[in-house]
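A quick write-up on the structure given underneath.
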Amino acid sequence: MNAASIKEALENAGIEIYRSTPGEIHVAERVRLHIMDSGVRVLTPGEELHVRFTARSQRSDFPNADSDDLFGRVREQVGQPATARGYAETTTHVHEVTDPVDDTRILDVWHEVVYEKTTAAEDLVDEVRWALDIEKYVSND
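So the sequence shown is numbered by our numbering: it starts at 2 and just counts up by one.
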């Protein structure tokens, strides 16, 4: 399957596409009617298909927690069910969210963990739906 046929299969299943490149399809997640995010992706490196998603915690929700604790919260709440489904942690990122007017002012710090799974073409739509449905934002609620 090439990226165009994968994109078509996802769209035919009612999954909205944010954007795509020859090797990667960014699946749209509606935050609100006019706001989209794209934390779920389908990667097409050669013959294999991979579903990847990013989960995070935010320093603003846990102001006294250190980085290890913030990553640990993601691994516990998101990583455990993802691992049980066959996903593996591939990388982590610390992302500083800066003020759009003053980039020296840090508004928040996100601690992101990326999970990925190789999947068969016939399971792709179900896997993307699962990745869309899992709560990827770990809050203090």
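We put the CB at the ideal spot given by N, CA and C, even for glycine.
Presumed contact (8 Å Cβ cut-off) between residue i and residue j, rounded CB distance
| i | j | result |
| --- | --- | --- |
| T45 | I7 | 6 Å |
| E117 | T93 | Between T93 and E117 the Cβ distance is about 13 Å, and since that is not below 8 Å, they are no contact. |
| A122 | M2 | 5 Å |
| V43 | V75 | Contact flag wrong, Cβ pair sits at about 22 Å. |
| V126 | I18 | Incorrect: roughly 13 Å between the Cβ atoms, too far for contact. |
| L50 | H112 | Their Cβ separation, rounded to whole angstroms, is 28 Å, which puts L50 and H112 out of contact at 8 Å. |
| V139 | R57 | 7 Å |
For residue j and residue i, the rounded distance between their alpha carbons
| i | j | result |
| --- | --- | --- |
| D142 | A29 | 25 Å |
| A83 | D100 | 32 Å |
| I135 | R31 | 14 Å |
| E48 | G24 | 11 Å |
| R106 | N13 | 43 Å |
| R86 | D109 | 31 Å |
| V79 | S21 | 26 Å |
| D38 | A4 | 20 Å |
| P64 | A10 | 43 Å |
| D67 | R60 | 8 Å |
| D62 | D104 | 21 Å |
| V52 | G73 | 22 Å |
| A89 | I26 | 19 Å |
| K137 | E77 | 12 Å |
Local Cβ density within 10 Å of residue i, reported as buried at 16 or more and exposed below that
| i | result |
| --- | --- |
| T203 | In this structure the chain extends from 2 to 142, so residue 203 is not present and cannot be described. |
| V98 | exposed |
| V95 | exposed |
| Q81 | exposed |
| V41 | buried |
| V102 | exposed |
Distance cut-off 8 Å: residue i Cβ against heavy atoms of the ligand ZN
| i | result |
| --- | --- |
| G47 | This structure lacks the ligand ZN, and indeed carries no ligand of any kind. |
Inset, instruction - Scan the stretch 59-98 and note each continuous alpha helix (DSSP H) run of 4 residues or more that stays entirely inside, going in chain order. - result: Listed in chain order, the complete alpha helix (DSSP H) runs (minimum 4 residues) inside the stretch 59-98 are 68-75 and 81-85.
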